[in-house]
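Visitor: Dumping the structure here so I can ask a few things about it.
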Amino acid sequence: AKIISMQRNVTDVFNDEHVSYIRGDLTLDNLGLNHQQFNYLASTVDVIIHIGAMVNHLFGYHEHKQSNVIATRDLINLALTTKRKKLIFISTTGSCNHDLAKFDNAEFNAIKGYHGYYLSKMIAEKLVYAAFKQYGLSASILRLGYVAPNINNYDLNHSTNHLYALFKSLCIKQVAPQNFGEFECLSVNDIALHITKAIQYNEFKVVKVANQEVISWQQIYQLVEDVLTIQLTKLEKDRWIKEIIQEADPVQDDYLYKLIPLYTDENNPDNSYGYQDLVGEIKSSYDYAQIVQSYIQAVIKFK
């Protein structure tokens, strides 16, 4: 079976006669499942693709812990119960800077400065790796980079998408940060196809599911200007952070207000946002002009 929920409307998937589902809840213990539901899944499921997560850049680790860490623990338990199942854990490139094999106080102290979402994904990755080493769990970790809209209908989980917020800011405020480093992303279509490939892995893998091709933000700005026939005002990065991000109104500019913790020193001690090693392992099937167009269309659709 192919993954379709990332490429089609979720309602269409639920109405598909070939798809059956049991409603769970990552915010509840044992995934919100009763014993009968858990035992049914434990005896019938072959592959678990864990793509659900809480993403709120305003919240700390403890607010993310239940949905992103405890729920991962419960899914590992499900994968190891009754019959062995493969677990594909969807993570983020934001969790790359840690030692996957370490799970002790020293390692936790080394990474605890990261803000809540990234830290929760790091800890969840360690749980998956520990289950692989200790119990032989068949698993892989896919670290996703930036996610672009569906190229067919421009659907996107825009409320938590970092790049969507930045593109919306470019379109509406028409102000851009200089010296912002490089840009990469993949469409949900590309990501869905790669998840299906990961099901066939015969060994534990950690894959950086990000675009092999990167371009500069300056090139992105030029593409935005060409599509919208506008002239962006360029500000030094520190000034842009102060005037556009940190001064965002929580109501009128809520899409930017949610990003404030990403651009504060205590949550970004190495000043790495916009400067990370973004190069991934996936060759995209479409170019960045299409990606920019898809983001602009998503902004028009959701604003």
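Numbering (the working numbering), first residue to last: 2 to 304. Just so it is clear, CB atoms sit at the ideal spot from N, CA and C, and this is done for glycine as well. Bear in mind the structure is a predicted one, so any value in this text is a computation, not a measurement.
#1: Leaving out the 5 sequence neighbours to the left and right, which residues in its chain are closer than 6 Å to N180 when beta-carbon positions are compared?
#2: Jot down the residue ranges of each uninterrupted alpha helix (DSSP H) in the region 154–193, minimum 4 residues, whole runs only, in chain order.
#3: Between which two residues does the beta strand (DSSP E) carrying H51 extend?
#4: For the beta strand (DSSP E) that K209 lies in, which residues bound it at each end?
#5: Is it the case that the Cβ atoms of A125 and F133 are separated by a distance below 7 Å?
#6: So, is R144 buried or exposed, given that buried needs 16 or more other C-beta atoms within 10 angstroms?
#7: Where N98 and K127 are concerned, what is the direct C-alpha to C-alpha distance, given to the nearest angstrom?
#8: For the putative contact between V20 and T73, defined by C-beta atoms under 8 Å, what is the C-beta separation to the nearest angstrom?
#9: For T197, which of helix, strand or coil comes out of DSSP?
#10: For a quick check, are the C-beta atoms of I231 and Q298 less than 7 Å apart?
#11: When you compare each of I196, F104, D30, N16 to I142 by their alpha carbons, which one comes out closest?
#12: Can you name the start and end residues of the beta strand (DSSP E) that L88 belongs to?
#13: For R144, list the residues DSSP reports as bridge partners.
#14: What are the start and end residues of the beta strand (DSSP E) that includes L236?
#15: Would Q159 be called buried (16 or more neighbouring beta carbons within 10 Å of its own) or exposed?
#16: Answer yes or no: the CB of V210 versus the heavy atoms of the ligand SAM, is any distance below 6 Å?
#17: Tell me whether the region 27–35 and the region 68–83 touch, counting them as touching only if at least three CB pairs, one residue from each stretch, are closer than 8 Å.
#18: Under the rule that 16 or more other beta-carbon atoms within 10 Å means buried, what is A2, buried or exposed?
#19: What are the complete alpha helix (DSSP H) segments, minimum 4 residues, inside the region 21–76?
#20: Can you tell me which of the three DSSP states I221 falls into?
#21: Which same chain residues end up closer than 7 Å to Y222 when comparing Cβ atoms and leaving out the 5 residues on each side of it in sequence?
#22: Under the rule that 16 or more other beta-carbon atoms within 10 Å means buried, what is I89, buried or exposed?
#23: Could you tell me the alpha carbon to alpha carbon distance between D17 and E248, rounded to whole angstroms?
#24: Contact check, K257 vs I245 under 8 Å by CB: the rounded distance?
Guide: Concretely, from the data shown:
#1: Cβ-Cβ distances below 6 Å link N180 to K238 in the same chain, with the five nearest sequence neighbours on each side left out; the list follows chain order.
#2: Counting only unbroken stretches of 4 or more residues, the alpha helix (DSSP H) elements lying wholly within the region 154–193 are 163–174, in sequence order.
#3: For H51, the enclosing beta strand (DSSP E) starts and ends at 48–51.
#4: According to the DSSP assignment, K209 belongs to the beta strand (DSSP E) that extends over 206–210.
#5: Between A125 and F133, the gap from beta carbon to beta carbon reaches 7 Å or more.
#6: Flag for R144 reads buried.
#7: Linking N98 to K127 through their CA atoms gives a straight-line distance of about 12 Å.
#8: So it is not a contact: roughly 24 Å between Cβ atoms.
#9: T197: helix per DSSP, three-state reduction.
#10: The criterion of a C-beta distance shorter than 7 Å is not satisfied by I231 and Q298.
#11: The candidate whose alpha carbon is nearest that of I142 is I196.
#12: Annotation for L88: the continuous beta strand (DSSP E) segment containing it runs 87–93.
#13: Listed as beta-bridge partners of R144 by DSSP are S92, K209.
#14: First-last of the beta strand (DSSP E) with L236: 234–236.
#15: One point to set straight first is that residue 159 is His, not Gln, in the sequence displayed. With 16 or more other Cβ atoms within 10 Å, it is buried.
#16: Looking for the ligand SAM in the displayed structure turns up nothing, as the structure carries no ligands at all.
#17: Segments in contact, yes.
#18: Only weak support exists for where A2 lies, its pLDDT of 37 falling under 50; the value from the coordinates is given anyway. Exposed is the call here.
#19: Unbroken alpha helix (DSSP H) runs of no fewer than 4 residues, entirely contained in the region 21–76, are found at 36–45, 62–66, following chain order.
#20: Three-state DSSP puts I221 in a helix.
#21: A177, L233.
#22: Flag for I89 reads buried.
#23: Rounded to whole angstroms, D17 to E248 spans 45 Å at the Cα level.
#24: The sequence shown places Leu at residue 257, rather than the Lys named in the question. Confirmed, about 7 Å.
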